[in-house]
Every structure is written in structure tokens, then in C-alpha cells.
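Okay, so here's the structure we're looking at.
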Amino acid sequence: MSVLRNKIIKTIAGNIITPTFLPDATYGSIGGLSFVDLESTGIKEIVTTTLHLEKKLGSDYVQKLGGLHKFFSYDRPILTDSGGFQVFSLIHRRKSKLNEITDEGASFVDPITGQKDLLTPESSLTIQHKLGSDIRVVLDEPLGMNDTPEVVESSVRRTTAWAKRSKAQYLKLLEQEGITYSNKDTALIEIGSADESSFHRPLLGAVVQGGGNHEMRKRSAEELIEIGFDSYNFGGFPIKEDGRLDLELSEYLVNLLPTDKIRYAMGIGNPDDVIALAHMGWDMFDCVLPTRNARHGYLYVPKGEGDKDFGN
RNA sequence: GCAAGGGUGGCGGAGUGGUCAAACGCACCUGACUGUAAAUCAGGCCUCGUGAGAGUACGGGGGUUCGAGUCCCUCCCCUUGCA
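As numbered in the numbering used here, the first sequence has no gaps in its residue numbers, which increase by one up to the final residue, 1115.
Here it is as C-alpha cells:
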């Protein structure tokens, strides 16, 4: 049963028709493509990485230059991640007392400078605010699929707690700018709806955790919905041992999320997966996979049109 | 013409009497890659064989030696110095 949603996500930088896929641009660059090239692919919006920008350039610097859009010379919607997943991957590379997650935040050792650093829910949102992105994500604690129930429970609890702090920080930053916020604001509208003007504030999404455990996913979703966000995101690394996305979990989760909010599957980028999840009702996707694969010489072709002469 | 140094796999470049099918790069091939600290990682890369393994290689020819990419002679070619 397909529930493919063609809707419109409103952002400050313009509207996005769903379902949509956002490629990831580490420093605002998609694997060496110019924005002109990017546009020719039909891509209308991008994701960029908070932590890389913060560590390499500094959000203060980007802010001084007028924000990401001016800095990149890109006027379409830009989504920033919290930096949580990058810290997560760093921590899993090298576990130590310096690389750890506590209730305060995620501490890690900067692999370039070797200095200890701490990313908190508040600092992540402040950085994203300075960067001036259109869609933002709260800091969360991502997990894989095979953690113990205790670890999963802890991740969900912490993710909810961080989401609360993030929302508070978000509202504080909006207030400083004199931007109004209402729980009734809706950034997801029907196509053809009379009101297609651009949105008046950046969007904020929270990330549902719970690993491969349905009950925990449900709890996580409910707790986040209680706080209230513009988007609810499929978090963690929901890839099974066979290397495939857990489609059952994907479908279970999408049906727990409010239909009048954006449902965003983070890090899902296998073309077949994107199509499958879009039909489940997921609105938005981002992933490194297509661009990374392309950089590694991998070409996607429609089913049945592969050519042995081209390898993959 | 004289002098000196060289000619090794697709390329660069190790190797100076046995453990060399040839280090190490590059290129190439295959596999991996899922909120980008992955422009990475794993394997292959003379021929035949799934494999153990076998065969043929170090400019050409000849020689010394149990054994030569490595030593000697000769021929061909390249680079540099002197005329």
C-alpha cells in the first residue's frame, strides 16, 4: 500500500516538494560539483555538516560573512545536522574517556588538533543558528541495531532530555532575533494550497532513537512528539546484519509519527530504500551514499539496464 | 670519436651471485560503502590453474659458476661530460 506524499515543506529559503532527497555537502561542496552541476541533477536543497564547519571555519566566521547561503552562494534550502552523528562515528572509532557521551553532551577529541571538545544540545543549536541553516536537527545519541536493552533505553532517555534542552535553546535563539514561534505553525502543506509563501523561521527536527526495538522507538517518538517539533527524524543506524535497511522498522516508525509534520529518514540513501520509504510516507532523505559511491566510481542505473562493460 | 652512467612488470623505481615472479609508488581490475573525520578500506594485478602449484621473465647473443637481474665478453639503444 503506497502512501506516497507529495507535499510542500516550507522553509525560509523557499519551498521543497516532497518526497525529496538532500545530498550531503561536507563543506558546502558536493564532491567537487559546482552548484550549477548540482542544479542540473534536479537537486534543490542540500545538507551540510555542522561539526566540520564549526571546527574548520567556525560558525562565528560564517555568521560574519552572512551565513551559509551567502558563504556558499546558494540560495536554496540548507539543512544542518547536529554534529551528533559525526561525534558518534568518532567515538566509535576510538573509545576512551575523552571520547564519550554523558548527560551533558558528547565529548570527543578533535582528530586534527587532538584537543578535547564538547558538543552539547545547546551548543549544537547555537552553531546551527549562527550558520543560518533553514532546517536544523537537535543533538541526539545515535545507536546501531544490536545494543543491549539498557543501552537503548539510556539512549532514548538521553535523546529526549537533549531534545527538551534543544527546544528551549531554539526558542531562546528565536526570541533573541525577535522571531515568533507557535506550536500551530505548520511547515508542511498540501500542494496547491493557497499559502505557499516562504516560512518565517528555521525548522527544527528531533531524532527518534530506539535501535531495533519497536517499543523503544515508540516511546522515543511519543516523548519527542510531546515536546513538539517541525520534523521527526528516523535516527540511528537502522541497517541490519545483512547490510540492508530494516524496512519493517521503517514502516513501523513512520506510522507512529504525526502526518502533519515532516518525516525525515536520516542517512537513508540506497535508491531502492529511498523509493520504498517514500511510498511508506517518509518525506525527506539525506545520505552520503550516492555521492560517496559516485566518487568511488559506482554508477546507478535503472533496474535491468546495467551494462557489464561498466562493471556496476 | 673518446669518457662516464644506464637499459628490470602498463609506468616510475628497488634489487648488485642463491630465500626474485621481483620491495615501494602510480595506473588498472574486483568487492565494500547508508544523519561524509571514507578523495577511504579490503583483495587482485607475467602466463596457465578455483587451488596447491607449474611455466616463462630482468635490451640481444655468448661465457664464468652447482647457481646470474646481479660477474666477464660482445652487439644494439638511451642520458650526460669532452671533442
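All C-beta atoms, glycine included, are put in the ideal place defined by N, C-alpha and C. All of these numbers come straight from a predicted model, not from anything done at the bench.
Count the other C-beta atoms from every protein chain shown that fall within 10 angstroms of the C-beta of Gln-889, then say buried if there are 16 or more, exposed otherwise. Indexing the first sequence from 1 puts residue 889 at position 86. Flag for Gln-889 reads buried.
Tell me, to the nearest whole angstrom, how far the beta carbon of Val-806 is from that of Met-1083; I am working on the premise that it is less than 8 angstroms. Within the first sequence, the letter at position 3 stands for residue 806. Within the first sequence, the letter at position 280 stands for residue 1083. Yes, they are in contact, since the Cβ atoms of Val-806 and Met-1083 sit about 7 angstroms apart, within 8 angstroms.
Does the beta-carbon distance from Ile-819 to Glu-993 come in below 9 angstroms? On the first sequence, residue 819 is found 16 positions in, with the first residue counted as 1. On the first sequence, residue 993 is found 190 positions in, with the first residue counted as 1. Contact: no.
Relative to the alpha-carbon of Asp-943, which residue among Phe-1037, Tyr-984, Ile-833 has its alpha-carbon at the smallest distance? Stepping through the first sequence from its first residue, residue 943 is reached at position 140. Closest by C-alpha distance to Asp-943, out of Phe-1037, Tyr-984, Ile-833, is Phe-1037.
C-beta atoms of Pro-924 and Gln-972 nearer than 9 angstroms: By one-based count along the first sequence, residue 924 stands at place 121. By one-based count along the first sequence, residue 972 stands at place 169. With contacts defined by Cβ atoms closer than 9 angstroms, Pro-924 and Gln-972 form a contacting pair.
Is any non-hydrogen atom of the ligand MN found closer than 8 angstroms to the C-beta of Thr-853, if you look at the structure I gave you? Ligands displayed in this structure: none; no statement on the ligand MN is therefore possible.
Just to check my reading of the structure: Val-1057 and Trp-1085 have Cβ atoms closer than 8 angstroms, yes? What is that Cβ distance to the nearest angstrom? Counted from its first residue, the first sequence places residue 1057 at position 254. Counted from its first residue, the first sequence places residue 1085 at position 282. Val-1057 to Trp-1085, Cβ: 6 angstroms. Contact.
Check for me: the beta strand (DSSP E) holding Glu-1044 runs from which residue to which? Residue 1044 sits at position 241 when you count from the first residue of the first sequence. No beta strand (DSSP E) contains Glu-1044, which DSSP labels as neither H nor E.
Bridge partners of Phe-1037, per DSSP? For the purposes of this step, residue 1037 is taken as the residue at position 234 of the first sequence. Paired residue(s): Val-1011, Ala-1068.
Going by the CB atoms, is the gap between Phe-1032 and Lys-813 shorter than 9 angstroms? For the purposes of this step, residue 813 is taken as residue 10 along the first sequence, with counting starting at 1. For the purposes of this step, residue 1032 is taken as residue 229 along the first sequence, with counting starting at 1. No, Cβ-Cβ distance for Lys-813 and Phe-1032 is not below 9 angstroms.
Rounded to the nearest angstrom, what separates Gln-866 and His-932 at their Cα positions? By 1-based counting over the first sequence, the position of residue 866 is 63. By 1-based counting over the first sequence, the position of residue 932 is 129. The straight-line gap from Cα to Cα measures roughly 9 angstroms.
Considering only the alpha carbon of each residue, which of His-1017, Phe-1040, Ser-1000 lies closest to Pro-952? Residue 952 sits at position 149 when you count from the first residue of the first sequence. Among His-1017, Phe-1040, Ser-1000, the Cα nearest to that of Pro-952 belongs to His-1017.
When we look at the beta-carbon of Ala-997 and count the other beta-carbons within 10 Å, is it buried (16 or more) or exposed? For the purposes of this step, residue 997 is taken as the residue at position 194 of the first sequence. Ala-997 should be labelled exposed.
Excluding the 5 residues preceding and the 5 following Asn-986 in the sequence, name in chain order all residues of the same chain whose CB lies nearer than 8 angstroms to its CB. Here residue 986 corresponds to residue number 183 of the first sequence, with the count starting at 1. These residues qualify, in order along the chain: Gly-1031.
Which of helix, strand or coil DSSP assigns to Arg-1022: As a first step, residue 1022 is located in the first sequence; it is residue number 219 there, counting from the start. Of the three classes helix, strand and coil, the one that applies to Arg-1022 here is helix, per DSSP.
Closer than 8 angstroms is the cut-off here; do at least three beta carbon pairs connect the segment 842-854 with the segment 867-882? yes
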